[in-house]
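Basically my numbering = 1-based index in the sequence shown + 152. Okay, so here's the structure we're looking at.
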Amino acid sequence: MLRPLILVLAVALSLPLTAQAGQQKKSADSVVMNSHGFLSAHPDLNWRLKGLEAYQKGEFEEALMLFRKAARYADKPAQGMVAEMLWQGQGTAQDKPLAYAWMDLAAERMYPTMVLNRERYWKQLDEAQRAEAIERGKAVFAEFADAVAKPRLEVQLRRARNSATGSRAGGAGRTVAISIAGPGGMTTIDGSQYYQDKFWEPEQYWTWQDNDWRVLPRGRVDIGPLEALPPEGAKAEGEAEADPAG
Numbered sequence: 153m154l155r156p157l158i159l160v161l162a163v164a165l166s167l168p169l170t171a172q173a174g175q176q177k178k179s180a181d182s183v184v185m186n187s188h189g190f191l192s193a194h195p196d197l198n199w200r201l202k203g204l205e206a207y208q209k210g211e212f213e214e215a216l217m218l219f220r221k222a223a224r225y226a227d228k229p230a231q232g233m234v235a236e237m238l239w240q241g242q243g244t245a246q247d248k249p250l251a252y253a254w255m256d257l258a259a260e261r262m263y264p265t266m267v268l269n270r271e272r273y274w275k276q277l278d279e280a281q282r283a284e285a286i287e288r289g290k291a292v293f294a295e296f297a298d299a300v301a302k303p304r305l306e307v308q309l310r311r312a313r314n315s316a317t318g319s320r321a322g323g324a325g326r327t328v329a330i331s332i333a334g335p336g337g338m339t340t341i342d343g344s345q346y347y348q349d350k351f352w353e354p355e356q357y358w359t360w361q362d363n364d365w366r367v368l369p370r371g372r373v374d375i376g377p378l379e380a381l382p383p384e385g386a387k388a389e390g391e392a393e394a395d396p397a398g
């Protein structure tokens with residue numbers, strides 16, 4: 153069964169933003185990604201995270217606005233959430249043709265979660281709605297497709313990195329320790345951890361995101377010890393004998 157996109161999004165956001173015991177690299181990445189400086193330089197993740205927080209509070213109009221902001225920076229999960237909210241009529245009037253156009257956009261990189269949702273939408277549209285979706289999708293793609301949205305974020309990444317390191321090559325920042333404020337106080341990490349290419353070099357940044365989203369999320373069910381069931385008609389242990397007199 154296809155999981156609601158909001159659940160997939162919540163899991164995808166919480167995993168990199170939560171330190172995992174015994175996994176030092178993931179823990180260090182989470183510190184970086186939670187920092188104010190990092191999120192300020194990554195408006196795609198910043199607005200997506202704020203959108204999720206608003207959505208979870210039931211502030212749907214605010215969430216939709218924030219997801220649209222993230223969508224301008226080529227954030228496919230945020231684009232998918234705009235589609236879902238249009239489809240459900242959350243924070244706005246229900247608009248299924250426009251919702252399809254947005255989910256088609258979110259599926260541009262063929263992330264399975266987005267593709268499956270796009271096909272689900274298509275099956276539920278009638279012929280007139282399908283034609284409308286295709287026509288209205290032209291304007292959506294003109295403003296939010298990767299060809300125009302990715303360069304917006306790439307400018308932000310290069311500007312922030314060059315400003316922080318004082319070097320076009322970015323080498324200076326890799327040799328210093330960086331202090332990051334967090335809920336538990338200040339954390340100091342190596343500059344090479346903060347300025348990993350996957351966070352700042354556009355092509356590696358897109359590859360890093362693709363690697364996460366091109367794998368369908370999998371749930372896990374924990375099963376306890378097996379228990380033997382009593383034969384049919386037998387009384388369970390401790391069950392009182394029925395009183396024929398009532």
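We put the CB at the ideal spot given by N, CA and C, even for glycine. Here the structure is a predicted model, which is why all the values come from computation and not from measurement.
Annotated three-state conformation of R311 is helix, per DSSP. Judged by beta-carbon spacing, K228 lies within the 8 angstroms limit of R261, meaning their Cβ atoms are closer than that value. Rounded to whole angstroms, V367 and P264 show a C-alpha spacing of 7 angstroms.
Judged by pairs of C-beta atoms under 8 angstroms, the segment 183 to 202 touches the segment 224 to 240, as three or more such pairs exist.
A direct Cα-to-Cα measurement between A253 and W199 gives close to 21 angstroms. Looking only at Y273, A245, L204, the smallest Cα-Cα distance to L257 is reached by Y273.
Inter-segment contact for the segment 245 to 252 and the segment 282 to 299 is present: three or more beta-carbon pairs are separated by less than 8 angstroms.
With a cutoff of 8 angstroms on beta-carbon distance, L191 and G203 are scored as not near each other. When DSSP states are grouped into helix, strand and coil, Y263 belongs to the coil group.
In its chain, beyond the 5 residues on either side, A226 have a beta carbon closer than 6 angstroms to the beta carbon of K302.
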